[in-house]
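Student: Heads up: the sequence shown begins at 198 in our numbering, then just goes up one per residue.
For every residue, glycine included, the Cβ atom is placed at its ideal position computed from N, Cα and C.
Quick one: this structure, given as structure tokens, is what I'll be asking you about.
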Amino acid sequence: MTKPTIARIWRGCTPRAKADEYEAYNYETGVKPLIEKALGVQTFREDRETESEFVTISYWENIEAMSTFAGADPTKIHHLERDSEFLIELPKEVQILRLLTSQGATG
198 MTKPTIARIW RGCTPRAKAD EYEAYNYETG VKPLIEKALG VQTFREDRET
248 ESEFVTISYW ENIEAMSTFA GADPTKIHHL ERDSEFLIEL PKEVQILRLL
298 TSQGATG
């Protein structure tokens, strides 16, 4: 089994009133294609008083594997077609971290 060495983290916020609709849209349009390419994917949602934050973490064997999905510059954001309709502010970058250790069950 291939082990991930890279985590790619995307964050975005919607108005709370649009959160349920964005969650469904993001899953169908953004997360499903990611599931087919990444070693693993986790999605998170935090509802606050007026906004909801979404976080997607995808796990990759290495930078080269991530680049086959994300393009030559894996830090570059690829906004979904309707992101500007939902998100309070379009994210300008993703975070890429080296995965040093992983313990226990996460998925």
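Could you tell me whether the segment 238 to 247 touches the segment 264 to 282, using the rule of 3 or more Cβ pairs below 8 Å?
Tutor: No: fewer than three Cβ pairs fall under 8 Å.
Student: Can the beta-carbon of proline 201 be found closer than 9 Å to that of glutamate 261?
Tutor: In this structure, glutamate 261 does not lie closer than 9 Å to proline 201 by Cβ.
Student: Going along the chain, which residues of its own chain have a beta-carbon closer than 8 Å to the beta-carbon of arginine 213, five neighbours each way excluded?
Tutor: Taken in chain order, the residues that qualify are Asp244, Arg245, Glu246, Thr247, Glu248 and Ser249.
Student: Excluding the 5 residues flanking tyrosine 219 on each side, which residues of the same chain have their C-beta closer than 6 Å to its C-beta?
Tutor: Closer than 6 Å at the Cβ level, and outside the excluded window around tyrosine 219, lie Thr211 and Phe283.
Student: So leucine 296 and alanine 204 are supposed to be a Cβ contact under 8 Å. How far apart are they, rounded?
Tutor: Confirmed, Cβ separation roughly 5 Å.
Student: Tell me glycine 237's beta-bridge partners as DSSP assigns them.
Tutor: Paired residues: Tyr256.
Student: For glutamate 290, which residues of its own chain have a beta-carbon under 7 Å away from its beta-carbon, when the five flanking residues on both sides are left out?
Tutor: Same-chain partners within the cutoff: Thr272 and Ile274.
Student: Taking C-alpha atoms, which residue in Glu286, Glu225 and Lys229 lies nearest to glycine 209?
Tutor: When only C-alpha atoms are compared, the closest one is Glu286.
Student: Within the same chain, show all residues whose beta-carbon is closer than 8 Å to that of leucine 277, passing over the 5 residues directly before and after it, in chain order.
Tutor: Closer than 8 Å at the Cβ level, and outside the excluded window around leucine 277, lie Tyr222, Asn223, Thr226 and Gly227.
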